[in-house]
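Going by my numbering, the first residue of the sequence shown is number 44, and it counts up by one from there. No residue lacks a Cβ here, since even glycine has one placed at the ideal position from N, Cα and C. Taking it in order: structure first as structure tokens, then the write-up.
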Amino acid sequence: FPVTISNAMEGGLGKGELGVIIGPAGFGKTSLTTAIANHAASIGHNVCQIVFEDKEKQIQRKHFARIAEIEAKDISKPENIEYVRELIKNNHNFDKTLRIKKFNTGEISPIMIKNYLKRLINSGFKPEMVIIDYFECLVPSKSFKDQWQAEGHMMRQLESIASDLDIAIWVPTQGTKDALN
Numbered sequence: 044f045p046v047t048i049s050n051a052m053e054g055g056l057g058k059g060e061l062g063v064i065i066g067p068a069g070f071g072k073t074s075l076t077t078a079i080a081n082h083a084a085s086i087g088h089n090v091c092q093i094v095f096e097d098k099e100k101q102i103q104r105k106h107f108a109r110i111a112e113i114e115a116k117d118i119s120k121p122e123n124i125e126y127v128r129e130l131i132k133n134n135h136n137f138d139k140t141l142r143i144k145k146f147n148t149g150e151i152s153p154i155m156i157k158n159y160l161k162r163l164i165n166s167g168f169k170p171e172m173v174i175i176d177y178f179e180c181l182v183p184s185k186s187f188k189d190q191w192q193a194e195g196h197m198m199r200q201l202e203s204i205a206s207d208l209d210i211a212i213w214v215p216t217q218g219t220k221d222a223l224n
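So this is what it looks like as structure tokens:
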């Protein structure tokens with residue numbers, strides 16, 4: 044059987060936990076997190092996918108392509124349009140279980156994300172999983188002497204948000220094996 048993240052992690056990422064995905068630029072971090080979000084939403088979990096660099100429509104296309112099992116670049120081809128429209132129309136739960144929100148890079152701190160999530164919860168949508176794509180697009184809520192202190196503080200804030208709101212948070216970040224240090 045195929046190895047899945049849930050199998051490899053003996054059940055996946057639980058509520059109140061932070062998962063960090065590290066990979067170099069162009070590695071497919073957004074594709075991976077979109078696949079995670081898509082699967083969770085398709086089986087009925089409430090998911091909020093926060094993006095900075097991609098447009099909401101680009102992420103939505105990736106989701107539609109996954110539902111249709113067609114490459115995202117091919118969903119607008121004439122031979123696929125009706126098929127994709129029909130699948131989207133018949134996939135009613137998807138609209139109820141996934142929220143995609145775009146913020147501008149370098150303008151949002153983890154605390155601002157927490158406030159956004161609280162507003163989302165107060166509006167009646169309680170995410171079980173949040174994906175923040177990606178870490179380098181966040182800004183610290185206060186000044187630090189160096190970048191490492193700021194990044195460490197922001198990671199601790201994200202861990203706190205996951206715990207406080209009882210949600211799983213996935214956050215990809217750019218780096219190589221050396222970035223683990």
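For the stretch 103-111 against the stretch 120-133, do three or more pairs of beta-carbon atoms, one drawn from each stretch, fall closer than 8 Å, so that the two count as touching?
They touch, by the three-pair rule.
Out of I154, Q217, S184 and D189, which one is the CA nearest neighbour of A205?
Locating residue 205 in the sequence shown gives position 162, where the first residue counts as 1. Among I154, Q217, S184 and D189, the Cα nearest to that of A205 is on I154.
If you count every other CB in all the chains shown that lies within 10 Å of the CB of N89, and 16 or more means buried, which is it?
Counting from 1 along the sequence shown, the entry for residue 89 is found at position 46. It counts as buried.
Among all the DSSP beta bridges, which residues are the ones paired with M176?
Indexing the sequence shown from 1 puts residue 176 at position 133. Sequence check: residue 176 is Asp here, not Met. Per DSSP, V94.
What do you get for D209, buried or exposed, if any count of 16 or more other CB atoms within 10 angstroms of its CB means buried?
As a first step, residue 209 must be located in the sequence shown, where it is residue number 166. Exposed, by the Cβ-count rule.
Within its chain, find whatever has a CB closer than 8 Å to the CB of N147; leave out the 5 residues flanking it on each side and keep chain order.
Your numbering for residue 147 matches position 104 in the sequence shown. Within the same chain, N147 has close Cβ partners F95.
Which whole-angstrom value is the C-beta distance of A211 and K58, which I expect to be below 8 Å?
Residue 211 sits at position 168 when you count from the first residue of the sequence shown. Residue 58 sits at position 15 when you count from the first residue of the sequence shown. Correct: roughly 6 Å between the Cβ atoms.
How would you write the range of the alpha helix (DSSP H) that P121 sits in, first residue to last?
Locating residue 121 in the sequence shown gives position 78, counting from the first residue. P121 to N133 is the span of the alpha helix (DSSP H), which, as asked, contains P121.
Span of the beta strand (DSSP E) holding K144?
Here residue 144 refers to the residue found at position 101 when the sequence shown is read from its first residue. Element bounds for K144: L141 to K145.
Can you tell me whether R162 is buried or exposed, with buried defined as 16 or more other CB within 10 angstroms of its CB?
By 1-based counting over the sequence shown, the position of residue 162 is 119. Classification of R162: exposed, given that the 10 Å Cβ count is below 16.
Using DSSP with H/G/I as helix, E/B as strand and the rest coil, what is H154?
Here residue 154 refers to the residue found at position 111 when the sequence shown is read from its first residue. For clarity, residue 154 is Ile in the given sequence; the question names His instead. DSSP places I154 in helix when its eight states are reduced to three.
DSSP on T216, reduced to helix/strand/coil?
Within the sequence shown, the letter at position 173 stands for residue 216. Three-state DSSP puts T216 in a strand.
Can you give me the Cβ contacts of F44 inside the same chain, cut-off strictly under 7 Å, excluding the 5 residues immediately before and after it?
Locating residue 44 in the sequence shown gives position 1, where the first residue counts as 1. Because F44 carries a pLDDT of 36, less than 50, the predicted location of this residue cannot be relied on, and the following value inherits that uncertainty. Here the set comprises nothing.
Give a yes or no on contact between the stretch 166-181 and the stretch 63-76, applying the rule of three or more CB pairs nearer than 8 Å.
In short, these stretches touch, since the Cβ pair count reaches three.
Are the CB atoms of P215 and C91 nearer to each other than 8 Å?
For the purposes of this step, residue 215 is taken as residue 172 along the sequence shown, with counting starting at 1. For the purposes of this step, residue 91 is taken as residue 48 along the sequence shown, with counting starting at 1. Cβ distance not < 8 Å, so P215 and C91 don't count as in contact.
Compute the beta-carbon to beta-carbon distance between T140 and G87, rounded to the nearest angstrom, for a pair I have assumed lies under 8 Å.
As a first step, residue 140 is located in the sequence shown; it is residue number 97 there, counting from the start. As a first step, residue 87 is located in the sequence shown; it is residue number 44 there, counting from the start. With 8 Å as the limit, T140 and G87 qualify as a contact, their Cβ atoms being about 6 Å apart.
Excluding the 5 residues flanking K144 on each side, which residues of the same chain have their C-beta closer than 6 Å to its C-beta?
Taking the sequence shown and counting its residues from 1, the one referred to as residue 144 is at position 101. Here the set comprises I93.
Output the distance between the C-alpha atoms of W191 and Y126, rounded to the nearest integer angstrom.
Position 148 of the sequence shown, counted from the start, is the residue given in the question as residue 191. Position 83 of the sequence shown, counted from the start, is the residue given in the question as residue 126. Taking the straight line from one Cα to the other gives about 48 Å.
For the alpha helix (DSSP H) holding G195, just list the boundary residues, first then last.
Here residue 195 refers to the residue found at position 152 when the sequence shown is read from its first residue. Looking at the DSSP string, the run of the alpha helix (DSSP H) that includes G195 is Q190 to L208.
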